[in-house]
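See structure below.
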Amino acid sequence: MLRLFDTAQGRVVPFERREPGKVSMYVCGPTVSGPAHLGHGRFTLVFDVLRRYLEWGGDEVRYVSNITDIDDKIIARAAAEGRPEAEVAATYEAQWYEAMDAIGVRRPTVDPHATAYVEAMVALIAGLVEGGAAYETGDGVYFSAEQLQGYGLLARQSIDSLRAGARVEALEEKRSPVDFALWKKAKPGEPSWPSPWGPGRPGWHTECVVMALDLLGEGFDLHGGGQDLAFPHHENERVQAVATGRRYARHWAHNGFVEVGGEKMSKSLGNFTTLAELIESVDPRAYRLLVLRAHYRSPIDVTRAATADAAAALERLDAFARRAAGLAPVAPEPDAVARFRAAMDDDLDTSAAVALLFELVRRGNALLDEGREGPAAALAAAVHEICGAVGIELRSGTEEVPEAVAALARRRDDARAARHWAAADALRDQLEAEGWTVEDTPAGTTVRRR
Ligand SMILES: [Zn+2]
Numbered sequence: 005m006l007r008l009f010d011t012a013q014g015r016v017v018p019f020e021r022r023e024p025g026k027v028s029m030y031v032c033g034p035t036v037s038g039p040a041h042l043g044h045g046r047f048t049l050v051f052d053v054l055r056r057y058l059e060w061g062g063d064e065v066r067y068v069s070n071i072t073d074i075d076d077k078i079i080a081r082a083a084a085e086g087r088p089e090a091e092v093a094a095t096y097e098a099q100w101y102e103a104m105d106a107i108g109v110r111r112p113t114v115d116p117h118a119t120a121y122v123e124a125m126v127a128l129i130a131g132l133v134e135g136g137a138a139y140e141t142g143d144g145v146y147f148s149a150e151q152l153q154g155y156g157l158l159a160r161q162s163i164d165s166l167r168a169g170a171r172v173e174a175l176e177e178k179r180s181p182v183d184f185a186l187w188k189k190a191k192p193g194e195p196s197w198p199s200p201w202g203p204g205r206p207g208w209h210t211e212c213v214v215m216a217l218d219l220l221g222e223g224f225d226l227h228g229g230g231q232d233l234a235f236p237h238h239e240n241e242r243v244q245a246v247a248t249g250r251r252y253a254r255h256w257a258h259n260g261f262v263e264v265g266g267e268k269m270s271k272s273l274g275n276f277t278t279l280a281e282l283i284e285s286v287d288p289r290a291y292r293l294l295v296l297r298a299h300y301r302s303p304i305d306v307t308r309a310a311t312a313d314a315a316a317a318l319e320r321l322d323a324f325a326r327r328a329a330g331l332a333p334v335a336p337e338p339d340a341v342a343r344f345r346a347a348m349d350d351d352l353d354t355s356a357a358v359a360l361l362f363e364l365v366r367r368g369n370a371l372l373d374e375g376r377e378g379p380a381a382a383l384a385a386a387v388h389e390i391c392g393a394v395g396i397e398l399r400s401g402t403e404e405v406p407e408a409v410a411a412l413a414r415r416r417d418d419a420r421a422a423r424h425w426a427a428a429d430a431l432r433d434q435l436e437a438e439g440w441t442v443e444d445t446p447a448g449t450t451v452r453r454r
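So the sequence shown is numbered by the numbering used here: it starts at 5 and just counts up by one.
Below you can see the structure in the form of structure tokens.
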């Protein structure tokens with residue numbers, strides 16, 4: 005049985021589903037105002053792994069992750085680039101999914117867009133105002149957080165310490181520093197929607213609560229995101245549901261930060277800045293392995309050295325898969341699969357699962373050295389099973405080679421046979437540039453995906 009650390013309870017608890025065999029999860033998605041960075045890559049990988057693991061275990065998972073397509077940063081960028089907000093958002097949303105596809109993060113079941121939900125958000129805010137949980141000011145509508153019993157649950161802090169730590173902003177008519185904006189009245193030239201409080205737009209915290217309840221229903225199973233979202237964003241979502249008398253997420257899961265050299269990400273360290281940059285310079289599967297090597301709640305260091313090391317480790321997995329590719333197919337070794345399940349059920353201990361994978365590879369290689377193909381095949385099948393469950397696609401060399409690529413390889417063989425070395429080298433370069441590893445064998449040129 006899966007046990008997960010629940011931020012609201014502050015400990016590891018059994019994961020209790022609303023309905024057996026079904027899991028409903030909501031993960032806060034991106035604000036599409038710029039390129040995806042490494043932290044985006046991590047949280048999406050962490051929750052993609054959880055989703056895949058649940059599905060591997062037989063659950064039917066409904067995965068909702070929103071696209072925030074209107075906010076201050078999008079408005080600022082649209083103004084700077086002299087084009088409409090919707091165009092800016094569409095550009096970065098397309099880039100987002102390109103990056104997600106590259107790192108193998110599966111698309112959400114539903115990806116609601118904030119701008120499609122404004123009316124529903126206005127309705128929720130109006131209900132909060134009516135019930136006395138929110139109030140209007142000169143610049144917007146605010147949630148009266150102090151009034152709500154238990155505010156601060158996901159911060160794991162008392163209301164007194166939250167109040168003491170809150171940033172006091174000038175020109176706000178908030179009744180308490182912990183109150184937060186539900187609705188922002190439009191400034192001249194800003195995009196706006198009609199509301200009982202005049203034209204404006206909803207705050208970010210209202211977006212997620214409305215979408216999650218609409219698409220997953222009350223008491224859905226899990227709400228996730230990066231640890232920086234637990235407070236205030238998730239807490240502010242939660243209290244809006246509570247204030248309208250609806251049960252929100254049963255469980256809360258948060259992943260740790262991405263660091264560079266032990267520090268929070270910085271652009272000045274000559275490291276990767278965007279996810280696209282990482283994908284260009286290293287096998288994107290290496291980022292998944294790097295994420296899996298650490299516990300999801302621990303910080304990870306994403307440096308060029310760390311990704312190169314993960315890429316080398318990945319090659320050991322691929323090499324074993326290639327070596328075992330010709331063995332007669334058998335069932336995975338049951339003990340290995342049971343150990344994998346035990347590790348994952350223990351608060352998603354992917355680090356133990358990865359250690360197990362490499363242990364299996366070592367043992368499998370040793371068995372093959374001894375010529376014991378049967379037991380080696382069972383370990384190879386377990387390696388495939390586990391990699392599949394966490395989303396690592398192994399390259400065993402048996403993948404289909406597209407005809408266009410095979411044709412290039414044949415032309416290279418012809419060029420070599422005719423002793424046209426320069427032409428043969430050019431064809432090798434072209435194949436490598438397209439992501440293929442080229443090897444010379446007695447049978448001619450063979451290619452496999454890098
Ligand atoms: Zn959210």
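Backbone N, C-alpha and C fix where the C-beta goes; we use that ideal spot for every residue, glycine too.
Computed from a predicted structure; not experimentally measured.
Are there 16 or more other CB atoms within 10 angstroms of the CB of residue i, so buried, or fewer, so exposed?
i, result
"K191", "exposed"
"K188", "buried"
"D52", "buried"
"S302", "exposed"
"W425", "exposed"
"P198", "exposed"
"P406", "exposed"
"E239", "buried"
"V16", "exposed"
"G136", "exposed"
"R432", "buried"
"K178", "buried"
"T445", "exposed"
"E397", "exposed"
"E241", "buried"
"D10", "buried"
"S148", "buried"
What is the rounded straight-line gap between the Cα of residue i and the Cα of residue j?
i, j, result
"A82", "Q231", "29 Å"
"D417", "D350", "52 Å"
"Y121", "E211", "7 Å"
"R326", "R452", "10 Å"
"S285", "E97", "22 Å"
"A385", "V31", "32 Å"
"A410", "T450", "9 Å"
"E23", "W60", "17 Å"
"G193", "P112", "33 Å"
"A90", "L383", "51 Å"
"F276", "L296", "19 Å"
"S272", "G202", "Note that S272 has pLDDT 46, beneath the 50 cutoff, so the model's placement of it is unreliable and no number is given."
"A427", "R56", "45 Å"
"V36", "A94", "8 Å"
"I456", "L152", "Any property of residue 456 remains undetermined from this structure, which presents the chain solely from 5 to 454."
"G33", "P336", "36 Å"
"Q99", "A422", "44 Å"
"A159", "H227", "15 Å"
"S69", "A216", "9 Å"
"L42", "M5", "31 Å"
"D287", "D63", "30 Å"
"E374", "R366", "13 Å"
Taking only three categories from DSSP, how would you classify residue i?
i, result
"R21", "coil"
"H238", "helix"
"W208", "helix"
"R66", "strand"
"F324", "helix"
"M348", "helix"
"W100", "helix"
"R15", "strand"
"K26", "strand"
"R367", "helix"
"G229", "strand"
"E140", "strand"
"R416", "helix"
Going by alpha carbons, who is nearest to residue i out of the options?
i, options, result
"F324", "T402, E239, D75 and P406", "T402"
"V262", "R46, G14 and G33", "R46"
"W440", "L412, A426, A447 and H424", "L412"
"A130", "A280, H424 and P206", "P206"
"L321", "L352, R399, R21 and V246", "R399"
"G14", "G156, V114 and G62", "G156"
"L352", "V306, D63, A257 and Y67", "A257"
"L360", "A370, H41, A346 and L371", "A346"
"L371", "S355, A340, A328 and C391", "A328"
"Y101", "G38, A124, Y146 and L132", "G38"
"M29", "A12, I79, D105 and R66", "R66"
"R167", "D115, P236, E123 and G392", "P236"
"T278", "A103, K77, N259 and L8", "A103"
Quick check: is any heavy atom of ligand 3 less than 7 Å from the C-beta of residue i?
i, result
"R21", "You won't find ligand 3 in this model; what it holds is ligand 1."
#### Entry: Within 5 Å of ligand 1: residues by beta-carbon to any heavy atom
Ordered along the chain, the selected set is C32 and C212.
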